[in-house]
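For the sequence shown, position 125 (counting from the first letter as 1) is numbered 125 according to full-length UniProt numbering, and the numbering increases by one without interruption.
Ideal Cβ positions, reconstructed from N, Cα and C, are used throughout, including at glycine.
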Amino acid sequence: MFINATLLAVVARVTTPIVLCASGGLYCQLAGTPNITLEGAMLMAAFAGVAGSYYTGSALVGLLCAILGSLLINILFGFLHLRLGGEGTITGFAINSLSLGLTTFLLRSMFNVTGTLVDDRIVGLPKYSIPILKDIPLLQQLFTNHTLCTYFSWIFIILTYIIFYRTKYGMNIRACGENPTAASSVGVSVTTVRWSTIMISGLMSGLAGAQISLGYLSMFSENMTSGRGFIALAAIMLSGGRPIAMFVAALLFGVAEGLSNQAQLTAISSHLILTLPYLMVIVVLLLQPEQMKALKMRIRQMKG
1 MFINATLLAV VARVTTPIVL CASGGLYCQL AGTPNITLEG AMLMAAFAGV AGSYYTGSAL
61 VGLLCAILGS LLINILFGFL HLRLGGEGTI TGFAINSLSL GLTTFLLRSM FNVTGTLVDD
121 RIVGLPKYSI PILKDIPLLQ QLFTNHTLCT YFSWIFIILT YIIFYRTKYG MNIRACGENP
181 TAASSVGVSV TTVRWSTIMI SGLMSGLAGA QISLGYLSMF SENMTSGRGF IALAAIMLSG
241 GRPIAMFVAA LLFGVAEGLS NQAQLTAISS HLILTLPYLM VIVVLLLQPE QMKALKMRIR
301 QMKG
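Structure, rendered in structure tokens:
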């Protein structure tokens with residue numbers, strides 16, 4: 001039987017970095033500055049988190065280093081895109097490539113390791129259980145033995161919804177994305193708002209990277225994020241700018257990965273199940289003409 005407590009635990013674990021990363025990227029998306037560097041920021045955070053934990057023996061320092069590493073990547077993106085006027089998509093992919101190469105280089109130069117760093121000196125993030133909820137049979141795996149990053153990812157979705165639709169800051173974000181000229185005419189600093197969303201994205205990508213390398217594995221390997229940043233981008237695209245929809249989209253990817261793990265015990269191909277979320281992205285794009293129009297326009301800009 002596919003749907004069981006084990007599946008729920010796996011879904012909660014694999015969905016956390018995607019939700020964290022996508023929720024931060026959603027701020028940039030609504031502000032009119034799509035952040036393509038989610039993958040690179042997460043990867044840099046994963047490495048910085050392990051390095052910080054390795055050298056200090058502190059999971060908290062590792063977490064702070066992960067956030068710092070991600071923020072530096074996002075600051076670079078903001079500088080190249082907002083300050084120098086670089087095209088966002090090209091700049092983002094360039095930074096992703098930089099992160100992949102830089103983390104590989106640092107892994108070899110700092111630790112004299114190729115491929116994977118596993119060491120007892122790497123202290124992982126502590127795990128917690130929620131007292132009352134962990135005793136409910138159906139919800140036991142959802143609220144037992146998870147890091148604070150997992151629980152925070154759920155809270156941040158609700159907080160993001162409130163910010164977007166109940167605060168002036170959220171209104172300014174949406175105004176900058178929908179009509180930056182009109183927003184500027186009423187006194188909103190479009191550049192400041194967009195910079196703030198990039199920093200929020202950096203913070204959340206940092207937590208996501210720390211979750212990947214310190215949350216459950218306490219290790220780092222080359223290209224450890226394995227495209228999760230791009231999956232987060234897909235979740236953002238599927239959401240239409242709505243936090244709850246983005247969370248549901250991220251859950252679909254988590255369920256697909258969880259089912260693939262269980263499908264290995266059956267005759268069903270796990271690779272087939274893993275393709276379903278990506279096929280869903282293609283179908284949704286085809287059913288949303290405005291998304292296809294925006295994508296075609298961006299491709300023309302890149303070619304021009």
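**Study point:** Of the residues L252, G206, A9, L251, the one placed nearest T37, counting alpha carbons only
**Key:** For this step, residue 37 is matched to residue 37 along the sequence shown. Looking at the Cα atoms, G206 is the closest of the given residues.
Check your understanding: By Cβ distance below 6 Å, which residues in the same chain neighbour V255 in space, the five residues on each side in sequence not counted?
Key -> Here residue 255 corresponds to residue number 255 of the sequence shown, with the count starting at 1. Cβ within range, chain order: V11.
Exercise for review: Pick out whichever of K127, Q211, N145 has its Cα sitting closest to the Cα of L8.
Suggested key: Looking up residue 8 in the sequence shown gives position 8. Closest by alpha carbon: N145.
Practice item. Locate the alpha helix (DSSP H) running through M224, then write down its first and last residues. Key: Translated into the one-based positions of the sequence shown, residue 224 becomes position 224. Here M224 belongs to no alpha helix (DSSP H), and DSSP marks it neither H nor E.
Point to revise | Rounded separation between P17 and A31 - CA only | key: One-based indexing of the sequence shown puts residue 17 at position 17. One-based indexing of the sequence shown puts residue 31 at position 31. Between P17 and A31, the C-alpha separation is close to 22 Å.
**Study point:** Residue ranges of each beta strand (DSSP E) within the segment 41–118, 3 or longer
**Key:** Contiguous beta strand (DSSP E) elements confined to the segment 41–118 occur at 116–118, taking only those with 3 or more residues.
**Study point:** Contacts around T104, its chain only, beta-carbon distance under 7 Å, and the 5 residues preceding and following it disregarded
**Key:** Counted from its first residue, the sequence shown places residue 104 at position 104. Here the set comprises E222.
Exercise for review: Using three-state DSSP, classify T181 as helix, strand or coil.
Suggested key: The residue you call residue 181 lines up with position 181 of the sequence shown. In the three-state DSSP reduction, T181 falls in the helix class (H, G or I).
Point to revise | G25 and S226 closer than 9 Å at C-beta | key: Within the sequence shown, residue 25 is the residue found at index 25, counting from 1. Within the sequence shown, residue 226 is the residue found at index 226, counting from 1. Contact: no.
Check your understanding: Could you check where the alpha helix (DSSP H) with A210 kicks off and where it finishes?
Key -> Position 210 of the sequence shown, counted from the start, is the residue given in the question as residue 210. Residue range 190–210 is occupied by the alpha helix (DSSP H) that includes A210.
Point to revise | Beta-carbon proximity list for M1, same chain, < 6 Å, skipping 5 on both sides | key: On the sequence shown, position 1 is the one that residue 1 refers to. The predicted position of M1 is uncertain, since its pLDDT is 45 and thus under 50; a value taken from the coordinates is nonetheless stated next. For M1, where only same-chain residues beyond five positions count, there are no Cβ hits under 6 Å.
Point to revise | CA nearest to the CA of L64, picked from I163, L238, C149, F247 | key: Taking the first residue of the sequence shown as position 1, residue 64 is located at position 64. Of I163, L238, C149, F247, the residue nearest in Cα terms is C149.
**Study point:** Selection from T56, G49, A66, A41 that minimises the alpha carbon distance to L76
**Key:** Position 76 of the sequence shown holds residue 76. When C-alpha distances from L76 are compared across T56, G49, A66, A41, the shortest belongs to A41.
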